[in-house]
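Below you'll find the structure, written out as structure tokens, and then a few comments.
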Amino acid sequence: MDKEKVLELEQVIEKKLNRPMLYYLDLCTRCGLCYDTCHAYQGIPKKEYSPVGRAEVVRKVFRKYFRPTGKFFPWWGDAREFDENLMEELREAAFSCTGCRRCTMFCPFGIDMPYILGIAKELLIAYGNAPEELVMLADGAVEKGKSVEMFKEGYQGVIKDLEKEVQKLIKAPTSEGLIPMEKKGANILFVGLSGAHSIIYPAAIFNAAKEDWTLSYFEAVNFGFFAGDSEKANFIANRVINEAKELGVKEIVIVECGTAYRIPKFLMGPLPFKVSSIVEVIHRYIKEGRIKIKEGVITDPITWHDPCQLGRNGGVYDQPREVLKMLAKDYREMNPTREYNWCCGGGGGLVALDNEEFRIKTGKPKKEQIEKSGAKMVVTACENCHLQLSTINAGYGMGVTIESFTKLVGENLIV
Amino acid sequence: MSDIKADVTMDLKGLACPLPVVKVSQQIKKMQVGQILMAETTDPGALADFPAWAKTSGNEIIDTVKDGNVTKFFIKKLK
Numbered sequence: 157m158d159k160e161k162v163l164e165l166e167q168v169i170e171k172k173l174n175r176p177m178l179y180y181l182d183l184c185t186r187c188g189l190c191y192d193t194c195h196a197y198q199g200i201p202k203k204e205y206s207p208v209g210r211a212e213v214v215r216k217v218f219r220k221y222f223r224p225t226g227k228f229f230p231w232w233g234d235a236r237e238f239d240e241n242l243m244e245e246l247r248e249a250a251f252s253c254t255g256c257r258r259c260t261m262f263c264p265f266g267i268d269m270p271y272i273l274g275i276a277k278e279l280l281i282a283y284g285n286a287p288e289e290l291v292m293l294a295d296g297a298v299e300k301g302k303s304v305e306m307f308k309e310g311y312q313g314v315i316k317d318l319e320k321e322v323q324k325l326i327k328a329p330t331s332e333g334l335i336p337m338e339k340k341g342a343n344i345l346f347v348g349l350s351g352a353h354s355i356i357y358p359a360a361i362f363n364a365a366k367e368d369w370t371l372s373y374f375e376a377v378n379f380g381f382f383a384g385d386s387e388k389a390n391f392i393a394n395r396v397i398n399e400a401k402e403l404g405v406k407e408i409v410i411v412e413c414g415t416a417y418r419i420p421k422f423l424m425g426p427l428p429f430k431v432s433s434i435v436e437v438i439h440r441y442i443k444e445g446r447i448k449i450k451e452g453v454i455t456d457p458i459t460w461h462d463p464c465q466l467g468r469n470g471g472v473y474d475q476p477r478e479v480l481k482m483l484a485k486d487y488r489e490m491n492p493t494r495e496y497n498w499c500c501g502g503g504g505g506l507v508a509l510d511n512e513e514f515r516i517k518t519g520k521p522k523k524e525q526i527e528k529s530g531a532k533m534v535v536t537a538c539e540n541c542h543l544q545l546s547t548i549n550a551g552y553g554m555g556v557t558i559e560s561f562t563k564l565v566g567e568n569l570i571v
Numbered sequence: 381m382s383d384i385k386a387d388v389t390m391d392l393k394g395l396a397c398p399l400p401v402v403k404v405s406q407q408i409k410k411m412q413v414g415q416i417l418m419a420e421t422t423d424p425g426a427l428a429d430f431p432a433w434a435k436t437s438g439n440e441i442i443d444t445v446k447d448g449n450v451t452k453f454f455i456k457k458l459k
């Protein structure tokens, strides 16, 4: 690797070296407690798939350029310089981690391993070695943000068709106006995904609750964040934030997508509106008596899978459980659960990559805990989790049903 | 209806995010320059996602046909 490139990559690291990052990079004692906490290591027990194994790839290159022992005595300081092999190892480290932070729960020092891997992702972007799929999806999202005016008319036409589906669900006399768009001063801006299901069921629920809401032109998911490109991630997140500011809404409500919830909720600084997950809003409507659902309608045993970005990293635990206990006669908790719940293995953009065999193997702890619960239906509220749970279900021939929380509520509204 | 004859067709109806664009991107890589891919999708977001992807990836959407809730994209591989 030429000197110019090395210097550029060094600068990428330097920009990321804030106080918490230095703490996380310097503090690990290699106690090894994190090994068994990672679903990937459980599925493929190799050091490179352990939390500390991944972080060590970053630490070695950090020591080489930013610590005297690594700089002058690399063999003593356990340091490595940039080369092709290192970049490949960084890629394997960064994109075998879902960012679930289960390891952080068990680390005696609370080291945030995915935060460290943020360095690896930025290095891969600078080197041009980031996963092509994620870069492509991020570029598309940025382009959509720049050219939204071109797409508005076509999108409005398709949304008109979806209004008929919403009408059927809530038995409304007309489909007209069931999915409002560009409504200034609405209480809520709802941000969905590309799929029709991600809009139809929330729309039915908002209408049943007589909410004053409007639909965003953009999709909630942030592939810039998954790719680790902070510039694109900010641009993509700001598309929705600017839309919400222009409309003057009081709250943005994020579809079933863990990362899409976490970014505006925790990572974009103070915002002039509230950020909620659709899960929280559904729970709120039920508690306030604004919507009613069919109680005890599900007779098979069911369980809830906490999406890591909604649960462990978002703090939303009780709301979905309370709603599911109303809908189902036999709700079962998985073990371990809540902040210690096993990641399904699909987060961090991994479901967009060509890695199904890896994801089936690393989904083994989730498969086992679902089977132990005896549930016949697994409900979740994250599109990534839904896709990955479906992959595990098919891959291991489990024969359970994977269901979306919002869809389940939408189909069981009393209207 | 479109008169365009596709070399490859893909049924992407009902797929979860972000698979429609990912699968189209994977398929177009296997095709020859000048060939046409027809992708059917039910995603409302595809109306914006596909043209945005085509623009950034250097391909061309030569026709878009709406048939009920299904949208057909005719994509020409340019490079």
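Residue numbers (the numbering used here), protein chains in the order written: chain V, 157 to 571; chain L, 381 to 459.
The beta-carbon is built from N, C-alpha and C at its ideal position, and this holds for glycine as well.
Please list, in chain order, the chain L residues whose beta carbon lies closer than 9 Å to that of Met292 of chain V. Along the first sequence, one-based indexing puts residue 292 of chain V at 136. What Met292 of chain V touches in chain L: Val401, Val402, Ser405, Trp433, Thr436 and Ser437.
Contact set between the stretch 387–421 of chain V and chain L, restricted to residues whose Cβ is under 7 Å from the partner: none
* Asked: Roughly how far, in whole angstroms, is the beta-carbon of Val377 of chain V from the beta-carbon of Pro398 of chain L, given that I think they are within contact range, below 8 Å?
  -> Residue numbering aside, residue 377 of chain V sits at position 221 when the first sequence is read from its first letter. Residue numbering aside, residue 398 of chain L sits at position 18 when the second sequence is read from its first letter. About 7 Å; that satisfies the 8 Å criterion.
- Could one say the Cβ of Lys339 of chain V lies closer than 8 Å to chain L's Cβ atoms, at least one of them? Walking along the first sequence from the start, residue 339 of chain V turns up at place 183. For Lys339 of chain V, the answer is no, since every Cβ of chain L falls outside 8 Å of its Cβ.
State the start and end residues of the unbroken beta strand (DSSP E) segment that holds Trp369 of chain V.
Position 213 of the first sequence, counting from 1, holds the residue named residue 369 of chain V. Unbroken beta strand (DSSP E) run through Trp369 of chain V: Trp369 to Leu371.
**Prompt:** At least one CB of chain V closer than 8 Å to the CB of Leu427 of chain L: is that the case?
**Reply:** Position 47 of the second sequence, counted from the start, is the residue given in the question as residue 427 of chain L. Output row for Leu427 of chain L: interface = yes.
**Asked** How many angstroms separate the CA atom of Ile355 of chain V from the CA atom of Arg247 of chain V?
**Response** Your numbering for residue 355 of chain V matches position 199 in the first sequence. Your numbering for residue 247 of chain V matches position 91 in the first sequence. Taking the straight line from one Cα to the other gives about 34 Å.
* Asked: In whole angstroms, what separates the C-alpha of Lys658 of chain V from that of Pro176 of chain V?
  -> There is simply no residue 658 of chain V to check, as chain V begins at 157 and stops at 571 in what is shown.
(request) For Thr493 of chain V, verify whether its CB is less than 7 Å away from any heavy atom of the ligand ZN. (result) Absence of the ligand ZN is noted for the structure shown, with no ligands found whatsoever.
By DSSP, does Tyr552 of chain V sit in helix, in strand, or in coil?
Translated into positions along the first sequence, residue 552 of chain V becomes position 396. It is coil, neither helix nor strand.
- Provide the residue(s) that pair with Arg488 of chain V in DSSP beta bridges, ordered along the chain. By one-based count along the first sequence, residue 488 of chain V stands at place 332. BP columns for Arg488 of chain V point to V:Thr459.
Going residue by residue through the stretch 304–344 of chain V, where are the continuous alpha helix (DSSP H) segments of at least 4 residues, counting only ones entirely within it?
304–326
Taking only beta-carbon positions, decide if His542 of chain V is within less than 8 Å of chain L. As a first step, residue 542 of chain V must be located in the first sequence, where it is residue number 386. Closer than 8 Å: yes.
- Message: Closer than 8 Å is the cut-off here; do at least three beta carbon pairs connect the stretch 248–257 of chain V with the stretch 172–189 of chain V?
- Response: The way I'd put it, the stretch 248–257 of chain V doesn't touch the stretch 172–189 of chain V; fewer than three beta-carbon pairs between them come closer than 8 Å.
What are the complete alpha helix (DSSP H) segments, minimum 4 residues, inside the stretch 384–439 of chain V? For the stretch 384–439 of chain V, whole alpha helix (DSSP H) runs of length 4 or above, ordered along the chain, are 386–403 and 414–418.
request  = Pull up the distance between the alpha-carbon of Lys431 of chain V and that of Phe238 of chain V, whole angstroms please.
outcome  = Here residue 431 of chain V refers to the residue found at position 275 of the first sequence. Here residue 238 of chain V refers to the residue found at position 82 of the first sequence. Note that residue 431 of chain V is Val in the sequence shown here, rather than Lys. Answer to the nearest angstrom: the Cα atoms are 41 Å apart.
- Message: Pop quiz: Lys172 of chain V and Ile275 of chain V are said to be a contact at Cβ under 8 Å. What is the actual Cβ separation, rounded to whole angstroms?
- Response: Taking the first residue of the first sequence as 1, we reach residue 172 of chain V at position 16. Taking the first residue of the first sequence as 1, we reach residue 275 of chain V at position 119. Confirmed, about 5 Å.
For Lys456 of chain L, the nearest candidate out of L:Ala426, L:Asp391 and L:Ala419 (CA to CA)
Numbered from its first residue, the second sequence carries residue 456 of chain L at position 76. The shortest Cα separation from Lys456 of chain L among L:Ala426, L:Asp391 and L:Ala419 belongs to L:Ala419.
task = Quick one: give me the first and last residue of the alpha helix (DSSP H) that Leu293 of chain V is part of.
result = Taking the first sequence and counting its residues from 1, the one referred to as residue 293 of chain V is at position 137. Taken as a continuous stretch (DSSP letters only), the alpha helix (DSSP H) holding Leu293 of chain V covers Glu288 to Lys302.
- Three-state secondary structure assigned by DSSP to Glu278 of chain V: What you label residue 278 of chain V is simply residue 122 of the first sequence in a count that begins at 1. Of the three classes helix, strand and coil, the one that applies to Glu278 of chain V here is helix, per DSSP.
field: Under 8 Å between C-beta atoms of Asn343 of chain V and Trp369 of chain V
entry: Position 187 of the first sequence, counted from the start, is the residue given in the question as residue 343 of chain V. Position 213 of the first sequence, counted from the start, is the residue given in the question as residue 369 of chain V. Yes, the Cβ-Cβ distance between Asn343 of chain V and Trp369 of chain V is below 8 Å.
Using a C-beta to C-beta distance shorter than 7 Å, which residues of chain V count as neighbours of Asp443 of chain L?
Within the second sequence, numbered from 1, the residue matching residue 443 of chain L stands at position 63. Per Cβ cutoff of 7 Å: no residues; Asp443 of chain L is ~13 Å from chain V at best.
Please give the ranges of any beta strand (DSSP E) in the stretch 512–566 of chain V, keeping only runs that are unbroken, at least 3 residues long and fully inside the region. 533–536 and 557–560
Notebook entry, point to check: Is the distance from the Cβ of Gly566 of chain V to the Cβ of Ala360 of chain V below 8 Å?
Noted result: Position 410 of the first sequence, counted from the first residue, corresponds to residue 566 of chain V. Position 204 of the first sequence, counted from the first residue, corresponds to residue 360 of chain V. Contact: yes.
Contact set between the stretch 332–362 of chain V and chain L, restricted to residues whose Cβ is under 9 Å from the partner | Gly348, Leu349, Ser350, Gly351, Ala352, His353, Ser354 and Ile355
*Nearest neighbour of Val435 of chain V, chosen from V:Phe561, V:Phe514 and V:Lys203 [CA to CA]*: Counted from its first residue, the first sequence places residue 435 of chain V at position 279. Taking only the C-alpha atoms, the option nearest Val435 of chain V is V:Phe561.
Within chain L, the residues that Phe307 of chain V reaches when beta carbons sit closer than 8 Å: The count along the first sequence starts at 1 and reaches residue 307 of chain V at position 151. Result: Leu427, Ala428, Pro431 and Ala432.
Closest to Ile570 of chain V by CA distance: which of V:Lys528, V:Ser252 and V:Ile326 is it? In the first sequence, residue 570 of chain V corresponds to position 414, counting from 1. That would be V:Ile326, whose Cα lies nearest to the Cα of Ile570 of chain V.
Residue burial classification, Ser437 of chain L (beta-carbon count within 10 angstroms, cutoff 16): Here residue 437 of chain L refers to the residue found at position 57 when the second sequence is read from its first residue. When all chains shown are included, Ser437 of chain L counts as buried.
* With burial defined as no fewer than 16 other Cβ atoms inside 10 Å of the residue's Cβ, what is the status of Leu458 of chain L: buried or exposed? -> In the second sequence, the residue the question calls residue 458 of chain L occupies position 78. The residue is exposed, with fewer than 16 neighbouring Cβ atoms inside 10 Å.
Q. Whose Cβ in chain L lies nearer than 8 Å to the Cβ of Lys300 of chain V?
A. Numbered from its first residue, the first sequence carries residue 300 of chain V at position 144. Residues of chain L with a Cβ closer than 8 Å to the Cβ of Lys300 of chain V are, in chain order, Ala428, Asp429 and Ala432.
*Would Gly395 of chain L be called buried (16 or more neighbouring beta carbons within 10 Å of its own) or exposed?*
Here residue 395 of chain L refers to the residue found at position 15 when the second sequence is read from its first residue. With the sequence shown as reference, residue 395 of chain L is identified as Leu, and Gly is not the correct amino acid for it. Buried: at least 16 other Cβ atoms inside 10 Å.
TODO: Mind listing the chain V neighbours of Ala396 of chain L? Cutoff is C-beta to C-beta under 7 Å, in chain order.
DONE: On the second sequence, residue 396 of chain L is found 16 positions in, with the first residue counted as 1. Going along chain V in sequence order, the residues near Ala396 of chain L (Cβ under 7 Å) are Gly351, Glu539, His542 and Leu543.
CA-CA distance, Asn394 of chain V and Glu375 of chain V? Against the first sequence, residue 394 of chain V aligns to sequence position 238. Against the first sequence, residue 375 of chain V aligns to sequence position 219. Straight-line measurement puts the Cα of Glu375 of chain V at about 12 Å from the Cα of Asn394 of chain V.
If you reduce the DSSP assignment to three classes, tell me which class Ile272 of chain V lands in. On the first sequence, residue 272 of chain V is found 116 positions in, with the first residue counted as 1. Ile272 of chain V: helix per DSSP, three-state reduction.
> Counting along the chain, where does the beta strand (DSSP E) carrying Thr444 of chain L start and finish?
Replying inline: Mapped onto the second sequence, residue 444 of chain L falls at position 64. Note, Thr444 of chain L: beta strand (DSSP E), Glu440 to Asp447.
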